[in-house]
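**Student:**
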Amino acid sequence: MGTLENEEIEQKLQELDGWKRADAKTIERRFTFREFLTGIAFVEKIASQAEKMNHHPHITIDHRTVTIRLSTLDEGGITQLDIDSAVAYSKIYNEYFG
1 MGTLENEEIE QKLQELDGWK RADAKTIERR FTFREFLTGI AFVEKIASQA
51 EKMNHHPHIT IDHRTVTIRL STLDEGGITQ LDIDSAVAYS KIYNEYFG
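Residue 41 in UniProt numbering sits at position 41 of the sequence shown, with consecutive numbering throughout.
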């Protein structure tokens with residue numbers, strides 16, 4: 001698969017609402033919800049999608065804010081699979097919670 005080049009990552013992030021680089025090897029987005037349980041419902045949908053893609057994000061839940069962090073550990077950085085996951089998670093958010 002291989003990691004993406006910096007320019008390619010930046011270009012793809014411009015097309016993804018709310019996603020940014022957390023560091024050189026990770027992208028992230030924070031999602032805020034009106035209620036704690038709504039955030040938990042979102043995490044459940046993300047978990048189901050992650051299983052389908054066999055690519056699991058780092059998920060942090062802090063009251064009404066859910067932070068999703070993506071990196072491909074086997075490749076040591078950001079890959080197309082991370083971008084595809086970000087697209088899928090944004091779609092879930094927009095479809096069910098946005």
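Even glycine gets a Cβ: it sits at the ideal position worked out from N, Cα and C.
When you compare only the Cα positions, how much space is there between residue 40 and residue 61?
**Tutor:** 8 Å
**Student:** For residue 82, does the count of other Cβ atoms within 10 angstroms reach 16, so buried, or fall short, so exposed?
**Tutor:** buried
**Student:** Does DSSP put residue 67 in a helix, in a strand, or in coil?
**Tutor:** strand
**Student:** How far does the beta strand (DSSP E) with residue 31 in it extend, from its first residue to its last?
**Tutor:** In this chain, the beta strand (DSSP E) harbouring residue 31 covers 26-32.
**Student:** Give every residue of the same chain whose Cβ lies closer than 6 Å to the Cβ of residue 58, excluding the five residues on either side of it in the sequence, and list them in chain order.
**Tutor:** 69
**Student:** Ignore the nearest five residues each way along the sequence and tell me which others in residue 35's own chain have a CB closer than 8 Å to its CB.
**Tutor:** Closer than 8 Å at the Cβ level, and outside the excluded window around residue 35, lie 64.
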